[in-house]
Amino acid sequence: MTQTHFVHGWSIDQVAARIAQDIPDGSFVNLGIGQPTKVGDALPADREILLHSENGILGMGPTPTPDQFDPELINAGKMAVTLLTGGSYFHHTDSFMIMRGGHLDISVLGAYEVSVNGDLANWSTGDPTHPPAVGGAMDLAVGAKAVFAMLTHTTKDGRSKIVRECSYPLTASHVVDRIYTNLAVIAVQSDGLHVVERAPGVSAEFLTAATEAPLVQC
Amino acid sequence: MIDRRVADVHEAVSGITDGAVLLVGGFGNSGIPAYLCDAVLDLGVKDLTIVNNNGGSGETDVAALIRENRVRKLICSYPRASNSHWFSRRWSEGTLELEVIPQGTMSERMRAAGAGLGGFFTPTGADTELANGKETRLINGRLHVFEEPLPGDFALVRADLADRWGNLTYHSAARNFGPTMCTAATTTIVEVREFVELGDLDPEHIITPGIFVDRVVAVGAPTLMPKSA
Chain A
1 MTQTHFVHGW SIDQVAARIA QDIPDGSFVN LGIGQPTKVG DALPADREIL
51 LHSENGILGM GPTPTPDQFD PELINAGKMA VTLLTGGSYF HHTDSFMIMR
101 GGHLDISVLG AYEVSVNGDL ANWSTGDPTH PPAVGGAMDL AVGAKAVFAM
151 LTHTTKDGRS KIVRECSYPL TASHVVDRIY TNLAVIAVQS DGLHVVERAP
201 GVSAEFLTAA TEAPLVQC
Chain B
1001 MIDRRVADVH EAVSGITDGA VLLVGGFGNS GIPAYLCDAV LDLGVKDLTI
1051 VNNNGGSGET DVAALIRENR VRKLICSYPR ASNSHWFSRR WSEGTLELEV
1101 IPQGTMSERM RAAGAGLGGF FTPTGADTEL ANGKETRLIN GRLHVFEEPL
1151 PGDFALVRAD LADRWGNLTY HSAARNFGPT MCTAATTTIV EVREFVELGD
1201 LDPEHIITPG IFVDRVVAVG APTLMPKSA
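In order, the protein sequence lines correspond to chains A and B.
Positions 1 to 218 (my numbering) are the ones given, in order, by the first sequence.
Positions 1001 to 1229 (my numbering) are the ones given, in order, by the second sequence.
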């Protein structure tokens, strides 16, 4: 057992809310499958933020009520969603043009590991008994103006996911701009990882000990 | 006289032979041409290459073709789903070849085929293992990988409405790969909810013009439901 088991920092919902705080009014945003979808529930009501879904939706809305339900209106995770007033549909090539062509302001992605130079590993554990599956992960990582990685700071057995070099297969290199974990918000800069904020109860010493990659503390 | 309409799904899929490359529309169950897939199953063809975003789910359409060992190779971006057990089984057995490509690259490769392009360079996947064996090039200081066009012998697509010229509209997020796949196959076969008269579709709202469509069949509402939250 390592010390990390006794400090939890922020909950996943709190990390999602912390990310939402950093998304400016007027942004076009894609939220990856998994934890990042929680950011959608935390977006401030006074900001107009349009969510993109890779399967051809801009202005994606929340889960439908029974009378809004459209069996063909789903999100990237194949869950039923709605379209906001003013939203639009488009075909896949246009949708990935939005993603790959630098038109999205922010992409929030889950991650297995993020390296000190912003390399992202989030699509494969390299396990040959599991079929590979990439979906739109590489497109989102490469194409958005800013990439936010959302992940727990350590694995269940206490190993740091913020690393000097990714051990899992890369999704893309040099793409992550900000890292949001249960312990801290970290900016990826050309001279290294800079801590922007620590979760309540997380000391600089504790964070450094829990992180394999070198950190510049705030 | 131009009339792309055919009487039933069996006439629609006629001419598909063993070893054909099928571009199959749909993202999850949304936009899956389920009636055409059933007709391909009835046709009895095998050694198919299927290009679809996913690897089928449950017991129907793409999953049924995989279950019945009709598919030699699957080209997709994301084969796994909570109920993609037939994909998992055939892949684990080694009887189903799998090529995984980034979703945007898959779509753009079909666009390139439809647009008469010889391929394209993209940074997506360039510095990953999915670029292994492919040509790479530094363009404006960023590594790109060369991707070839991905044409099909047949495209199987679901749309919403069609007129006899094959002009198409789509419904909500079921549009997904349909418009691109319609351009990228030698023969494009489309199932729609219903036919309308020429002139009933607002020209401003036609998404796929009939020049990209060879056969269209009316099948009614989609049969499949997504997961509900």
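Every residue gets a Cβ at the ideal spot worked out from N, C-alpha and C, and that includes glycine.
Beta carbon proximity, residue i to chain A, threshold 7 Å
i	result
Tyr1078 (chain B)	yes
Glu1148 (chain B)	no
Gly1104 (chain B)	yes
Ser1172 (chain B)	yes
Arg1090 (chain B)	no
Pro1209 (chain B)	no
Phe1177 (chain B)	yes
Glu1191 (chain B)	no
Gly1199 (chain B)	no
Leu1074 (chain B)	no
Pro1151 (chain B)	no
Arg1111 (chain B)	yes
Cutoff 7 Å; reference residue i; Cβ partners in own chain excluding five residues on either side
i	result
Asp1047 (chain B)	Asp1018, Gly1019 and Arg1072
Val163 (chain A)	Glu113, Ser115, Glu212 and Ala213
Val176 (chain A)	Val114, Gly118, Leu120, Val147, Ala149 and Val188
Gly86 (chain A)	Gly59
Ala1126 (chain B)	Thr1136, Leu1143, His1144 and Val1145
Thr154 (chain A)	Thr4, Ser160, Lys161 and Ala210
Glu1068 (chain B)	Leu1041
Ser1228 (chain B)	Below a pLDDT of 50, predicted positions are generally treated as unreliable, and Ser1228 (chain B), at 42, falls in that range; the measurement from the model is reported next regardless. Hits under 7 Å: none found.
Glu1148 (chain B)	Arg1109 and Gly1119
Ile19 (chain A)	Val39, Val108, Phe148, Met150 and Tyr180
Closest residue to residue i among the options (Cα-Cα distance)
i	options	result
Glu197 (chain A)	A:Ala184, A:Arg47 and A:Arg100	A:Ala184
Leu104 (chain A)	A:Ser53, A:Arg164 and A:Val163	A:Ser53
Leu278 (chain A)	A:Pro169, A:Ala42, A:Asp191 and A:Leu83	In the structure displayed, chain A extends from 1 to 218; residue 278 (chain A) sits before or after that span and is not available.
Leu1201 (chain B)	B:Ala1221, B:Asp1163 and B:Phe1212	B:Asp1163
Pro1033 (chain B)	B:Thr1208, B:Ile1189, B:Phe1212 and B:Arg1090	B:Ile1189
Pro1179 (chain B)	B:Ile1207, B:Arg1193 and B:Val1196	B:Ile1207
Gln14 (chain A)	A:Leu215, A:Thr181, A:Ile186 and A:Ser107	A:Thr181
Val1100 (chain B)	B:Arg1090, B:Leu1074 and B:Glu1108	B:Leu1074
Arg1090 (chain B)	B:Thr1105, B:Ile1066 and B:Met1110	B:Ile1066
Ile179 (chain A)	A:Met97, A:Gly192 and A:Tyr168	A:Gly192
Thr129 (chain A)	B:Ser1092, B:Pro1123 and B:Leu1117	B:Ser1092
Met97 (chain A)	B:Val1024, B:Met1106 and B:Thr1095	B:Met1106
Val134 (chain A)	A:Ser11, A:Leu170 and A:Glu165	A:Leu170
Met1001 (chain B)	B:Tyr1035, B:Thr1049 and B:Gly1166	B:Gly1166
Close-in-space but distant-in-sequence residues of the same chain around residue i (CB under 8 Å, 5 per side omitted)
i	result
Ser1057 (chain B)	Gly1028, Asn1029, Ala1063, Ala1081, Ser1082, Asn1083 and Ser1084
Thr1186 (chain B)	Pro1151, Gly1152, Asp1153 and Phe1154
Asn30 (chain A)	Leu51, His52, Ser53, Glu54, Met99, Leu104, Ile106, Ser107, Val108, Leu140 and Ala144
Asp94 (chain A)	Gly56
Pro71 (chain A)	Ala80
Contact with chain B by residue i, beta-carbon distance below 7 Å
i	result
Val185 (chain A)	no
Gly102 (chain A)	no
Asp41 (chain A)	no
Tyr89 (chain A)	yes
Ala209 (chain A)	no
Ser173 (chain A)	yes
Ile106 (chain A)	no
Ala20 (chain A)	no
Cys218 (chain A)	no
Leu50 (chain A)	no
Glu72 (chain A)	yes
Lys145 (chain A)	no
Asp127 (chain A)	no
Asn55 (chain A)	yes
Pro66 (chain A)	no
Leu58 (chain A)	no
Sequence-distant residues of its chain with Cβ nearer than 6 Å to residue i (five each side left out)
i	result
His1171 (chain B)	Asp1160
Val142 (chain A)	Ala172
Ala204 (chain A)	Gln217
Asp1003 (chain B)	Arg1164
Gly77 (chain A)	Ile33
Asn75 (chain A)	Ser53 and Val81
Glu1194 (chain B)	Ala1218
For residue i, the residue or residues it bridges with in DSSP
i	result
Leu1138 (chain B)	B:Leu1143
Phe1121 (chain B)	B:Phe1146
Met99 (chain A)	Paired residues: none, contrary to the question.
Leu50 (chain A)	A:Phe28
Tyr89 (chain A)	A:Ile57
Ala1218 (chain B)	B:Val1192
Arg1158 (chain B)	B:Glu1191
His194 (chain A)	A:Ala187 and A:Val216
Glu113 (chain A)	A:Ala121
Gly1152 (chain B)	B:Ala1185
Residue i CB to nearest heavy atom of the ligand ZN below 6 Å
i	result
Asp127 (chain A)	Of ligands this structure carries none, so the ligand ZN is not represented either.
Return the chain-ordered ranges of every beta strand (DSSP E) run that is complete within the segment 1033-1108 of chain B and spans a minimum of 3 residues. Segments of the beta strand (DSSP E) lying fully in the segment 1033-1108 of chain B: 1048-1051, 1071-1076 and 1097-1100.
Runs of 3 residues minimum, wholly inside the segment 159-190 of chain A: which ones carry the beta strand (DSSP E) assignment? If you keep only unbroken beta strand (DSSP E) runs of at least 3 residues inside the segment 159-190 of chain A, you get 178-180 and 184-189.
Unbroken beta strand (DSSP E) runs of length 3 or more, entirely within the segment 1175-1202 of chain B: which are they? Correct list: 1185-1192.
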